[in-house]
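*Asks:*
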Amino acid sequence: MNKESSTLNVPLQNIVLHKISKGLVIDIGGGGEGLVSRITGARVCAVDYRISEIREAQIHNPPANWFVSDGRALPFQDSSFDIATLWFSLGYMNEWSVKKAVLTEVFRTLKSKSRLSIMASRIDCKEHHLLFHAHFTLPDGTVSKTGYGVRGNQNQTENTICALVREVGFKDIQSDNHDWWFEVKAFKR
Ligand SMILES: C[S@@+](CC[C@H](N)C(=O)[O-])C[C@H]1O[C@@H](n2cnc3c(N)ncnc32)[C@H](O)[C@@H]1O
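Here it is, written out as structure tokens:
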């Protein structure tokens, strides 16, 4: 099998999602399953640079606010949001320069004393592609079954993302490891 077509299939992950605390939320890469919008509704500004992915998320009809925009150039003023979420979207940004540019832009649009919530798959395999299979249970009990197909071999791990979050300026960084995926929480002081 040539390298170009090698794919790592991650065993099915059962992930329970929780409500997001009070405040205005910016959700980067908010298309696809639209998990954050489905959980938090009208408090969310969901950003995705593919209208097709936004359309896919709108199938669930969450009352969110949708923006077709690249996360590297967000159409929002400084210090606009209380919470920023990147749930399984960093893996769709293959290049580290893009991951960093997006997190830097997110930092700009966050108020002080605001929060960052990242959920991401571990992508340190040698295969060219990685397929992350997940059953998400939303706070209302709905189960969302999906698979995220991303480029493999991105050196995207709990440690490398924590280091990037720190480099961008976030503080009080905490992370949880779930083997094939991880969470990072941090604050803009
Ligand atoms: C497929 S979704 C998966 C995660 C999503 N949060 C969900 O709830 O299912 C990831 C999205 O990130 C978007 N994306 C990738 N890079 C981006 C960027 N630089 N700016 C905005 N959106 C981006 C992709 O278009 C894709 O729709």
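So for the sequence shown, my numbering puts the first residue at -9; every next one is plus one.
Even glycine gets a Cβ: it sits at the ideal position worked out from N, Cα and C.
Nothing here was measured: the structure is a model prediction, and the numbers come from that model.
In angstroms with no decimal places, state the Cα-to-Cα distance between residue 150 and residue 43.
*Replies:* 27 Å
*Asks:* Which residues does DSSP pair with residue 160 in a beta bridge?
*Replies:* Its beta-bridge partners do not exist; DSSP assigns none.
*Asks:* Does the distance from the C-beta atom of residue 15 to that of residue 73 stay below 7 Å?
*Replies:* yes
*Asks:* According to DSSP, residue 166 sits in a beta bridge with which residue or residues?
*Replies:* 173
*Asks:* Starting from residue 105, trace the beta strand (DSSP E) both ways and give me its first and last residue.
*Replies:* Taken as a continuous stretch (DSSP letters only), the beta strand (DSSP E) holding residue 105 covers 100 to 111.
*Asks:* Once the 5 residues before and after residue 103 are set aside, which same chain residues still bring their CB inside 8 Å of it?
*Replies:* 177, 178 and 179
*Asks:* Would the beta-carbon of residue 25 be found less than 6 Å away from any heavy atom of ligand 1?
*Replies:* yes
*Asks:* At a cut-off of 6 Å, would you count residue 170 as near ligand 1, judging by its Cβ distance to the nearest heavy atom?
*Replies:* no
*Asks:* Report yes if the C-beta of residue 130 is less than 6 Å from at least one heavy atom of ligand 1; otherwise report no.
*Replies:* In this structure, the C-beta of residue 130 stays at least 6 Å away from each heavy atom of ligand 1.
*Asks:* Mind checking residue 33: buried by the 16 CB within 10 Å criterion, or exposed?
*Replies:* buried
*Asks:* In three-state DSSP terms, what is residue 146?
*Replies:* strand
*Asks:* What is the DSSP secondary structure of residue 211, reduced to helix, strand or coil?
*Replies:* This structure cannot speak to residue 211, because the chain is shown only from -9 to 179.
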